[in-house]
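Novice:
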Amino acid sequence: MILYYCRQIEEHHGYELPLDGTGAEQTRSVLRPYGVWAVVAPFNFPLALATGMAAGALVAGNTVVFKPASDTPLSGLRLYEVLRDSGLPPGVFNLITGPGHTVGHELIVNSAMDGFIFTGSKAVGLKIHRRFAQPLPKPCIAEMGGKNPALVMPSANLDDATEGVVRSAFGMGGQKCSACSRLYVHRDIYRPFLEQLVEKTKSLKIGEPTERDTFLGPLINAAAVKKYAAAVRLGRREGRLVYGGRTLVEGDFARGYFVEPAIVDRVPKESRLFRDEFFAPVLAVAEVKSLAEAIQLANDSEYGLTAGIFTRDERERQKFFSEIEAGVTYCNRRGGATTGAWPGVQSFGGWKGSGTSGKSALGPYYVAQFLREQSQTIVNP
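Residue numbers (the numbering used here): 6 to 386.
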């Protein structure tokens, strides 16, 4: 990731570009660093996401004040140690730990911060975005989660679709911003696909995350379990709990925050289960009559991070890519219906309420966000 961002600087010749001159005048456009960037990382993927955000700022020539999530401070410390030991000069990358409402707030209001980058919830991201631009505008890059839909059409390979949905919905315990939490299945295949989905979910091993055959480890903390339980209660009240929904507390499960993956259907399409990000392994499923209806429902969201479709119909594929409102899109991805990104392979960034910049991490336009343009004109005497 760091090397990929370094290559962006080299490929763009340090972001210095000569412009047209008049003979007597010579002008060049130069992208220059802002100064000091605050980098606030989430608990999920605590090293990868922190490294990506910090690297974008650093390779652009800025300095960084980095705050890891309170649940995962040791990953932040390790990143600091690696950069320090690699020879980064003192004061270029600075680590600070503590709660968001105190330490994080100070980063937002401190006038020494020239830019801010954040990954986390929409509520916190919007608060930062509004407050940081006071009293004068300053760049704020926020990735604010998703309510990511997967669509399964009649021509789909159902084995691939089942595997892709399960991996996206329940991998990492649903604790990733790209997790699939909404599923729209064509009515012609709804029943057989749902049965196959449930059987696959039943086979998932829950337990110690360091064991190779474990699929679901614990949730991050007690607050996450409460959100999961609230989502399950909502599913029971508004629809049908098809599978799962238990908080696991017996035996070895008592040592952590373990829950079952949950599948819910027959809930109203305006339900919070189709609208709110619970950041837990809860999947809401709905039956649709057509691809057009599936896309309309998928787009009916404040979020727009990722989306995926399973179909072997080329026209359906093109319609999906043309009309879906999401920054990261996939078709027939068995490894994860709505998940997966790699530097220079899949850019990762959201539309609508999922992101503020319109430029994606791991993509070719990322580093330039940490720079501002200066036009330099020289008049030859």
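For glycine and all other residues, C-beta sits at the position ideal for the given N, C-alpha and C.
#1: Work out the CA separation of P154 and S327 for me, nearest whole Å.
#2: Please state if the CB of P51 and the CB of S91 are separated by a distance shorter than 7 Å.
#3: Go through the region 316-350 residue by residue and report every complete run of the beta strand (DSSP E) that reaches 3 residues or more, in order.
#4: Tell me V64's beta-bridge partners as DSSP assigns them.
#5: Just to confirm my understanding: we take A117, look at its own chain, exclude 5 residues before and 5 after, and list those with CB closer than 7 Å. What are they?
#6: Using the C-alpha atoms, what's the distance from K364 back to G349?
#7: Of all the options D305, T124, G261, which has the alpha carbon lying nearest to the alpha carbon of I211?
#8: Mind checking who D270 pairs with in its DSSP beta bridge?
#9: If we ignore side chains and look at the alpha-carbon of each, how far apart do Q381 and A147 end up?
#10: Taking DSSP as the reference, what is the three-state secondary structure of F284?
#11: Roughly how many whole angstroms lie between the Cα atoms of E282 and G360?
#12: So, under 8 Å CB-CB, F198 and P286 are touching, yes? Tell me the CB distance rounded to an integer number of Å.
#13: Short of 6 Å in beta carbon distance, which residues of its chain neighbour R172, apart from the five on each side in sequence? Order them along the chain.
#14: For F325 and W356, what's the separation of their Cα atoms in angstroms?
#15: Determine the burial state of P94: buried for a count of at least 16 other Cβ atoms within 10 Å of its Cβ, exposed for fewer.
#16: May I have the straight-line CA-CA distance separating D165 from S186, to the nearest angstrom?
#17: Can at least three beta-carbon pairs, one atom from the region 19-38 and one from the region 96-115, be found at a separation below 8 Å?
#18: Could you pull out every residue in the same chain whose Cβ sits closer than 7 Å to the Cβ of H134, ignoring the five residues on either side in sequence?
#19: Identify the residues that DSSP records as bridge partners of I383: which are they?
#20: Whose C-alpha, out of M177, N304, L376, F71, is nearest the C-alpha of T219?
Specialist: Looking at the coordinates:
#1: Whole-angstrom Cα-Cα distance: 16 Å.
#2: Not a contact, by the Cβ cut-off of 7 Å.
#3: Entirely contained in the region 316-350, the beta strand (DSSP E) runs reaching 3 residues are, in chain order, 333-336.
#4: V64 is not bridged by DSSP to any residue.
#5: Same-chain partners within the cutoff: V41.
#6: Using only the alpha carbons, I get a separation of about 13 Å.
#7: Checked all of D305, T124, G261; the closest Cα to I211 is G261.
#8: In the DSSP output, where bridge partners are listed per residue, D270 has R245, V290.
#9: Roughly 30 Å between the two C-alpha positions.
#10: Residue state, collapsed to three classes: coil.
#11: C-alpha separation (whole angstroms): 14 Å.
#12: A Cβ-Cβ distance of about 19 Å is found for the pair F198 and P286, leaving them out of contact under the 8 Å criterion.
#13: Counting only Cβ-Cβ distances below 6 Å, and skipping sequence neighbours, we find G341.
#14: Each residue's Cα considered, the two are about 16 Å apart.
#15: By the neighbour-count rule (16 or more Cβ atoms within 10 Å), P94 is not buried but exposed.
#16: Each residue's alpha carbon lies about 18 Å from the other.
#17: The answer is no - the region 96-115 does not touch the region 19-38, with fewer than three Cβ pairs under 8 Å.
#18: Excluding sequence neighbours, H134 sits near C145, A147, T361.
#19: In DSSP, I383 forms a bridge with Q31.
#20: For T219, the nearest C-alpha among the options comes from M177.
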